[in-house]
Amino acid sequence: MYAIIDFGGKQYKVEEGQTLITEKVNGVEAGSEFVFDKVIFFKNDAETKVGKPFIEGGKVTAEVVEHGKDRKIKILKFKGRKNFRKRKGHRQLYTELKIKTIEA
């Protein structure tokens, strides 16, 4: 059984028990529950549901495992013969979620 959800402008395929890493979700503490209500597609052995654009009454419940920062990405800009060098780094914030239940 799996579902496709829309969250943060992206679509994710989720299954029960799966760990999902998304962009940081503000206002949610680690250990609490988070509900995705924009379910686009649902499939199990017996039935298939497709939303137009979302399934009515469909929801995916997840537990917030942790918030954190991803590894650093280094950005280097360089122009030859002009003595121009620019360094920059970025660490993306993320939220790790564990999918508990899928309802359609």
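Each residue of the sequence shown is one higher than the last, beginning at 1 in the working numbering. Backbone N, C-alpha and C fix where the C-beta goes; we use that ideal spot for every residue, glycine too.
Secondary structure of residue i, DSSP reduced to three states
| i | result |
| --- | --- |
| Val65 | strand |
| Val60 | strand |
| Glu33 | strand |
| Ile4 | strand |
| Lys82 | coil |
| Gly17 | coil |
Residue i versus residue j: straight-line alpha-carbon distance, rounded
| i | j | result |
| --- | --- | --- |
| Asp106 | Met1 | The chain is shown from 1 up to 104; residue 106 falls before or after that span and cannot be answered. |
| Gly58 | Gly17 | 18 Å |
| Gly31 | Glu96 | 11 Å |
| Gly89 | Tyr12 | 27 Å |
| Ile73 | Arg91 | 6 Å |
| Lys49 | Val60 | 14 Å |
Per-residue burial, residue i [other beta carbons within 10 Å of its own, 16 or more giving buried]
| i | result |
| --- | --- |
| Ala104 | buried |
| Ile75 | exposed |
| Lys39 | Correcting the residue type first, residue 39 is Val in the shown sequence and not Lys. So Val39 ends up on the buried side. |
| Ile55 | buried |
| Phe42 | buried |
| Ile102 | buried |
| Phe84 | exposed |
Own chain partners of residue i with C-beta closer than 8 Å, once the 5 adjacent residues on each side are dropped
| i | result |
| --- | --- |
| Leu93 | Glu23, Lys24, His67, Gly68, Lys69, Asp70 |
Cβ-based neighbour list, residue i, same chain, cut-off 6 Å, excluding 5 preceding and 5 following
| i | result |
| --- | --- |
| Glu15 | Tyr2 |
| Lys77 | Lys86 |
| Asp6 | Lys38, Ile40 |
Integer-rounded CB distance, given that residue j should sit under 8 Å from residue i
| i | j | result |
| --- | --- | --- |
| Glu63 | Lys10 | Wrong, their Cβ atoms sit about 20 Å apart, outside the cutoff. |
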